[in-house]
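S.K.: Mind having a look at this structure? Questions to follow.
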Ligand code: MCA
Ligand code: AMP
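Residue numbers (this note's numbering): 51 to 546.
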């Protein structure tokens, strides 16, 4: 359900079949890109694509046109679907031209249909069969399902291709490990162009026959829904828990009591996508009585490590491997290290993605002896619990749960006529986990350019979370004897 109403499972299936039929221009295996805000219509389009045999390429509603065009040029979809209410849609339609065979928009009725709220949205409570005889054929495990764009050590994002088999493995593992049932109701406030929102929150709910409620995400409305007595599951990134703690601390005593009492009744609250600060875990426990279940995952592997549903949820640790997932710590040569020692985390299992779209070299480099190299450093503690100790590359930044390549941001800003050179880093930040900051060398005569102008320029080209919050001018970048920019020194300059 979303703000405009709800569908039961029969209605969702019927909407998905409607989309399958509208996507007639696509052949099985084609990529189909869609720019639709999180909500019922988004879900219907996604399932319509799968019913057609297509590969779903979700576009981020917060992205400006150049980011969307990059994905279109890389994924080369045969059909693009967009919500006409979004500001990017007219530009996207114009940009489609030679890029896709068809451009479809959501009809208004598909965005706002309101249906009665009974019977409850549950697959076993369907009202009428959807289009008899037109039910979709189930996909094969090896069929590609989803192309999620993710930043890496290379400058531009790569499309991680996830198969239906990968998705099935991810979902069945999580629904079992986290005890999902048809009586669950998740409050979903995450974006739907990343695994966290698409698989952990949405797909697990639908697989279980549970209710998925899309909410607006502002801290006070999130608290009100959490306290409503109707929600059983919530998952989010540490930035959101930090904001919820802050909203609670600023609320009047009566509101605090209501929020705390209501939230205590949830069955499960999960944190992931970035390291959960221990003070937030502790504060959340004081406020709601819940010890957040922290887990570790990645676009390429789904969820790999998780604290348990029952048993010890250890602060500062992300738990042991989930059932069906193998994880290990290796040294620089790929040799497993002794228990307790630090090294790179490698993961293997049916959840692990198939390839980077159109990048065989990068796919090959991401694996060693069949293990996926995460690029994260960790160690294994008591009871096989993993601890994340940081990333191998300083150029990968995690801000608000989003992964950003500092190199991509630098490359974008180097194209600005006033910028002679630039270096971007992530610095530790209480709300964002890491915050993007930059030092830049102005071109001659451009010394007076305001940071606000650089930010506005960046926002027209990059996703909002890729635009540094702080720009500081320097006469030159710190470089080593080889001429390489010293990122650690840049970070040191920008920490204060
Ligand atoms: C928004 N802004 C950001 C970010 N998000 N800046 C830095 N980092 C960000 N993550 C900018 C906005 O453009 C805006 O800029 C300003 O911050 C404040 O915007 P605000 O409205 O407060 O932000 P928001 O829209 O509320 O977003 C905050 C958020 C969001 C809800 C924390 O970032 C978010 O949804 N993060 C979750 C990302 C996620 O799902 N990651 C999963 C990928 P200005 O002030 O200039 O206008 S990881 C994954 O999938 C793996 C598998 C895993 O392990 O989960
Ligand atoms: P993404 O590629 O956007 O899916 O982000 C995956 C990355 O997020 C991982 O490689 C980690 O660096 C980080 N990450 C996810 N969960 C956690 C966690 N619980 N603690 C620390 N880092 C995490």
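Backbone N, C-alpha and C fix where the C-beta goes; we use that ideal spot for every residue, glycine too. Here the structure is a predicted model, which is why all the values come from computation and not from measurement.
Would you tell me roughly how many angstroms separate the C-alpha atoms of residue 58 and residue 316, rounded to the nearest one?
M.R.: Looking at the two C-alpha atoms, the distance is approximately 23 Å.
S.K.: Beta carbon of residue 477, beta carbon of residue 544: below 7 Å?
M.R.: Cβ atoms of residue 477 and residue 544: closer than 7 Å.
S.K.: Output the boundary residues of the alpha helix (DSSP H) element that contains residue 64.
M.R.: It spans 59 to 72 - the alpha helix (DSSP H) in which residue 64 sits, taken as one unbroken run.
S.K.: May I have the straight-line CA-CA distance separating residue 64 from residue 256, to the nearest angstrom?
M.R.: Using only the alpha carbons, I get a separation of about 15 Å.
S.K.: Quick one: what does DSSP say residue 177 is sitting in, helix, strand or coil?
M.R.: Confidence in residue 177 is poor, its pLDDT being 40 and thus under 50, which makes the residue's placement too unreliable to answer from.
S.K.: Give the list of continuous beta strand (DSSP E) stretches no shorter than 3 residues that lie fully inside the segment 404 to 431.
M.R.: The qualifying runs are 421 to 430.
S.K.: Within this structure, are the beta carbons of residue 323 and residue 147 separated by less than 7 Å?
M.R.: Not in contact: residue 323 and residue 147 (Cβ atoms no closer than 7 Å).
S.K.: With DSSP as the reference, label residue 531 as helix, strand or coil.
M.R.: Here residue 531 sits in coil by DSSP.
S.K.: Exposed or buried, which one is residue 236 when buried takes at least 16 other CB atoms within 10 Å?
M.R.: So residue 236 ends up on the buried side.
S.K.: If you drop the 5 nearest sequence neighbours on each side, which residues of the same chain put their C-beta closer than 6 Å to that of residue 444?
M.R.: So the qualifying residues of the chain are 537.
S.K.: Could you pull out every residue in the same chain whose Cβ sits closer than 7 Å to the Cβ of residue 514, ignoring the five residues on either side in sequence?
M.R.: Answer for residue 514: 112, listed in chain order.
S.K.: Here's a check: name, in chain order, each residue in its chain whose Cβ is nearer than 7 Å to the Cβ of residue 526, leaving out the five neighbours to either side.
M.R.: Excluding positions up to five away in sequence, the list reads 491.
S.K.: Under the rule that 16 or more other beta-carbon atoms within 10 Å means buried, what is residue 307, buried or exposed?
M.R.: Label assigned to residue 307: exposed.
S.K.: Nearest by alpha-carbon distance to residue 422: which of 139, 404, 238 is it?
M.R.: Selected option, being the one with the closest Cα: 404.
S.K.: Which value, in whole angstroms, describes the spacing of the CA atoms of residue 219 and residue 291?
M.R.: Those two C-alpha atoms are separated by around 28 Å.
S.K.: Assign residue 288 to one of two classes, buried (16 or more other C-beta atoms within 10 Å of its C-beta) or exposed (fewer than that).
M.R.: Buried, since its Cβ has 16 or more Cβ neighbours within 10 Å.
S.K.: Just confirm the distance between the C-beta atoms of residue 100 and residue 106, as a whole number of angstroms; I'd bet it's less than 8 Å.
M.R.: Confirmed, about 7 Å.
S.K.: Residue 209 to residue 309, Cα distance in whole Å?
M.R.: Each residue's alpha carbon lies about 40 Å from the other.
S.K.: If you measure from the CB of residue 349, is any heavy atom of ligand 2 nearer than 6 Å?
M.R.: Yes, ligand 2 has a heavy atom inside 6 Å of this Cβ.
S.K.: Do residue 359 and residue 228 have their beta-carbon atoms positioned less than 7 Å apart in this structure?
M.R.: Yes, they are a contact pair.
S.K.: Note the first and the last residue of the continuous beta strand (DSSP E) segment covering residue 492.
M.R.: Per DSSP, residue 492 belongs to the beta strand (DSSP E) from 483 to 492.
S.K.: Kindly provide the ranges of any beta strand (DSSP E) runs that are 3 or more residues long and lie completely inside the segment 286 to 343, ordered along the chain.
M.R.: If we require 3 residues or more, the beta strand (DSSP E) runs fully inside the segment 286 to 343 come out as 318 to 321.
S.K.: For residue 261, count the other beta carbons within 10 Å of its own beta carbon; 16 or more makes it buried, fewer makes it exposed. Which is it?
M.R.: Buried, because 16 or more other Cβ atoms sit within 10 Å of the Cβ of residue 261.
S.K.: If you draw a straight line from the alpha carbon of residue 104 to that of residue 84, how long is it in whole angstroms?
M.R.: Cα-Cα distance, rounded: 12 Å.
S.K.: Smallest Cα separation from residue 116: which of 393, 462, 156?
M.R.: The option with the nearest alpha carbon to residue 116 is 462.
S.K.: Going by other Cβ atoms of all chains shown within 10 Å of its Cβ, with 16 needed for buried, is residue 140 buried or exposed?
M.R.: Exposed is the call here.
S.K.: Could you tell me the alpha carbon to alpha carbon distance between residue 408 and residue 80, rounded to whole angstroms?
M.R.: Approximately 14 Å between the Cα atoms of the pair.
S.K.: Can you grab the Cα-Cα spacing for the pair residue 192 / residue 213, in whole Å?
M.R.: When rounded, the distance between both Cα atoms is 6 Å.
S.K.: Quick one: which unbroken alpha helix (DSSP H) runs of 4-plus residues sit fully inside the segment 210 to 279? Chain order, please.
M.R.: The segment 210 to 279 contains these whole alpha helix (DSSP H) runs: 214 to 227, 254 to 257, 269 to 276.
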